[in-house]
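Residue numbers (the numbering used here), protein chains in the order written: chain A, 1 to 331; chain B, 332 to 695.
Glycine included, C-beta positions come from ideal geometry on N, C-alpha and C.
Note sheet for the following structure.
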């Protein structure tokens, strides 16, 4: 039986956990998109167990990368070769699929970002500051309130012929504005497309403020599943927008590509499926009372062994693990 | 009188010996932490900026420790900081704290005003003997901070510099008077000078922005340490001694900061409050010094810095250096900040790798 030599990319976001398997020729062998539901450890273990059941011994992992807001957690769980922020990972994937891409619009669960690229190099980026109005979670919540499955929001909204104007500057105001418009008897589809337009406008005037948006534009992240959001962006920008085939797992693809670059397929830190699935991972937190900083220290245990510590400002706990020595580029 | 004052980075290292030298008992509030912010939030208007909330938190915590007099600096120009002292006085009064508040306005508001308020603290004391010593102490403390920024990315054994610096900050609370503080500062300088350095080409990142949030490491989630640990040297435009120079000494000498004068010319000639002009001028100055990137830090709802941000956005094509804006508020997690910084440094690396292609350095 032939070995399947693959690179594993893991993207743990606030809303979704995405895992991809990339073969040596950068073809996507497997792409999994599941909801994190606030339990990143369990969900990641479950997804990896699925992969293992499907391929068993045939699968050989030559490199692993972790990205997303849960990247540090994931990296320690699986033994990642590279840990990178989601902006770099998303840009990497976008360039991989469309080498001449100039603008990446990425909207995820909690974050929305714009990445400007020129000659395959990221030249500028911006992310939403402070608030998360205009991100996936907000759409999710509104769909739930209107009793519409989030997957169907796009197809309903796109039917709209007469969208309602909604104040999208702030999620709280947008919601009360929407309720107001509902009570006036507007159609659901008009309200929903109005909401998509408001989010698109909000994105252009906040996240993308002061940036020149040039074509080709690529729209990725979970929200790109919503065809009405694509249409709204096209209407607001008056430009064509491309939603790539694997829009929802682009971060994972990007980090798998980066892991491939890093390991060059030679030696991987990957712990092995067996080891990960049979381990018990646990997070415990406490408030340190040593000084008046009162840091909230988070400890991560693997089979009751302390493997990582986060959150202490003075590095009283984390320095014993020499995290910063590993990260240092001097060594 | 038991005197207290708000925290701002290492300000307490100068304020504490100064008041001690003047013969007062000094109560230093606990360093800024989440509890400080929590208390501050309870008493403050909702949309006021984070420094204000931290100030209130400091005051309340200090009052609980027995302080009865608060010394606060007034503001400059139309930035809201100008009325912070007065507003905070009223808030504390409403909340039922029995405390005297002395608000000292900068010199360019007239010498009488300055003297009448400052006189409450400084009267009958030999200031001429004390002030130069305090000034040189401030310079020394800032030099330590600069040295820490220089050493962090270069030290051979990671963590040594932070250990020395943390110890310095804790020990500073135990000293009494200028002499002891000066000895501690000198000892720390010696320790830092003996840190082994790996000589490496380290890129420099400039930090500009609102004074409180760039000086206070709690307010900016320790951004300088994060960047330093990622292997970059940090330099910022505002230090406490710079504030003393700019607001107390230059007006007396009728002098102006030459960098600001030269680089803000034609862009922002008038003072709009806060340090917006400094932000713009120093962003351009850092660029002229071949810094690899500039990080602009300011609190949410800060008017002068929002203006500076828009001006910098317009200057984008002129400034050939990457720029990152960080808005700080009551965020309690630094994950988002780390993501942004990491991506920013990745961007700098990829740009400089291809910097042979000169055109790539421009924005569009």
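Cutoff 8 Å: residue i Cβ touching any chain B Cβ
i: residue 9 of chain A; result: no
i: residue 127 of chain A; result: yes
i: residue 69 of chain A; result: yes
i: residue 12 of chain A; result: no
i: residue 206 of chain A; result: no
i: residue 182 of chain A; result: no
i: residue 245 of chain A; result: no
i: residue 188 of chain A; result: no
i: residue 292 of chain A; result: yes
i: residue 325 of chain A; result: Because residue 325 of chain A sits at a pLDDT of 43, beneath the cut-off of 50, its placement in the model cannot be relied upon, and the following sentence gives the value as read from the coordinates. For residue 325 of chain A, the answer is yes, since a Cβ of chain B falls inside 8 Å of its Cβ.
Residue i, buried or exposed, once every other Cβ within 10 Å from all chains shown has been counted against 16
i: residue 690 of chain B; result: Unreliable placement is indicated for residue 690 of chain B, whose pLDDT of 41 sits below 50; the coordinate value is still reported in the next sentence. So residue 690 of chain B counts as exposed.
i: residue 326 of chain A; result: For residue 326 of chain A, the predicted structure reports a pLDDT of 46, less than 50, and the residue's modelled location is therefore unreliable. A value from the coordinates is still provided. Residue 326 of chain A comes out exposed.
i: residue 333 of chain A; result: Residue 333 of chain A is absent from the structure shown; chain A starts at 1 and stops at 331.
i: residue 448 of chain B; result: buried
i: residue 229 of chain A; result: buried
i: residue 645 of chain B; result: exposed
i: residue 528 of chain B; result: exposed
i: residue 469 of chain B; result: buried
i: residue 12 of chain A; result: buried
i: residue 2 of chain A; result: exposed
i: residue 543 of chain B; result: buried
i: residue 300 of chain A; result: buried
Integer Cβ distance of residue i from residue j, believed to fall under 8 Å
i: residue 335 of chain B; j: residue 426 of chain B; result: Not confirmed; about 16 Å, so no contact.
i: residue 340 of chain B; j: residue 548 of chain B; result: 6 Å
i: residue 107 of chain A; j: residue 155 of chain A; result: The pair is not a contact, with the Cβ atoms about 18 Å apart (cut-off 8 Å).
i: residue 591 of chain B; j: residue 609 of chain B; result: 6 Å
i: residue 484 of chain B; j: residue 559 of chain B; result: 6 Å
i: residue 631 of chain B; j: residue 130 of chain A; result: 6 Å
i: residue 117 of chain A; j: residue 91 of chain A; result: 6 Å
i: residue 48 of chain A; j: residue 277 of chain A; result: 6 Å
Neighbour flag for residue i against chain A, beta carbons, 8 Å
i: residue 615 of chain B; result: no
i: residue 350 of chain B; result: no
i: residue 368 of chain B; result: no
i: residue 681 of chain B; result: yes
i: residue 490 of chain B; result: yes
i: residue 547 of chain B; result: no
i: residue 343 of chain B; result: no
i: residue 519 of chain B; result: no
i: residue 376 of chain B; result: no
i: residue 597 of chain B; result: no
i: residue 448 of chain B; result: no
i: residue 553 of chain B; result: yes
i: residue 689 of chain B; result: Any reading at residue 689 of chain B is ruled out, since the residue's pLDDT is 43, under 50, leaving its predicted position unreliable.
i: residue 630 of chain B; result: no
i: residue 365 of chain B; result: yes
i: residue 478 of chain B; result: no
i: residue 644 of chain B; result: yes
i: residue 651 of chain B; result: no
i: residue 678 of chain B; result: yes
i: residue 635 of chain B; result: no
i: residue 346 of chain B; result: no
i: residue 337 of chain B; result: no
i: residue 411 of chain B; result: no
Is there contact here, the region 113-131 of chain A with the region 239-249 of chain A, by at least three beta-carbon pairs under 8 Å?
no
Closer than 8 Å is the cut-off here; do at least three beta carbon pairs connect the region 74-94 of chain A with the region 249-259 of chain A?
yes
Note down, in chain order, all residues in the region 113-143 of chain A with a beta-carbon under 7 Å from any beta-carbon belonging to chain B.
118, 119, 121, 122, 123, 124, 125, 127, 129, 130
Touch check for the region 100-115 of chain A and the region 71-83 of chain A: three-plus C-beta pairs under 8 Å?
no
In chain order, what residues of the region 250-282 of chain A put their CB closer than 7 Å to some CB of chain B?
none
Quick one: any contact between the region 264-275 of chain A and the region 61-75 of chain A, if contact means 3 or more CB pairs under 8 Å?
yes
Assess contact between the region 608-627 of chain B and the region 519-526 of chain B, defined as three or more Cβ pairs (one per stretch) separated by less than 8 Å. Is contact present?
no
Taking any Cβ of chain B, which residues in the region 206-239 of chain A have a Cβ under 9 Å from it, in chain order?
209, 210, 211, 212, 214
Mind the definition here: the region 36-55 of chain A touches the region 65-74 of chain A only if three or more C-beta pairs lie below 8 Å; say whether that holds.
yes
Name, going along the chain, the residues of the region 482-512 of chain B whose beta-carbon falls closer than 9 Å to a beta-carbon of chain D.
As a matter of chain content, chain D is missing from the structure shown, whose protein chains are A and B.
Near-chain B residues of the region 75-91 of chain A (beta-carbon distance less than 9 Å), N- to C-terminal order
84, 85, 86, 87, 88, 91
Mind listing which residues of the region 38-54 of chain A have their C-beta closer than 7 Å to chain B's C-betas, in chain order?
none
Taking beta-carbon pairs under 8 Å, can you tell me which members of the region 304-318 of chain A lie near chain B?
313, 314, 315
Count the CB pairs spanning the region 151-168 of chain A and the region 177-197 of chain A that are closer than 8 Å, and state whether there are at least three.
yes
Short-range partners of chain A found in the region 657-674 of chain B, where Cβ spacing is below 7 Å
658, 660, 666, 670, 671, 673, 674
Cβ contact (3+ pairs, closer than 8 Å) linking the region 373-381 of chain B and the region 529-540 of chain B
no
Residues, ordered as in the chain, of the region 574-593 of chain B that lie near chain A by beta-carbon distance below 7 Å
none
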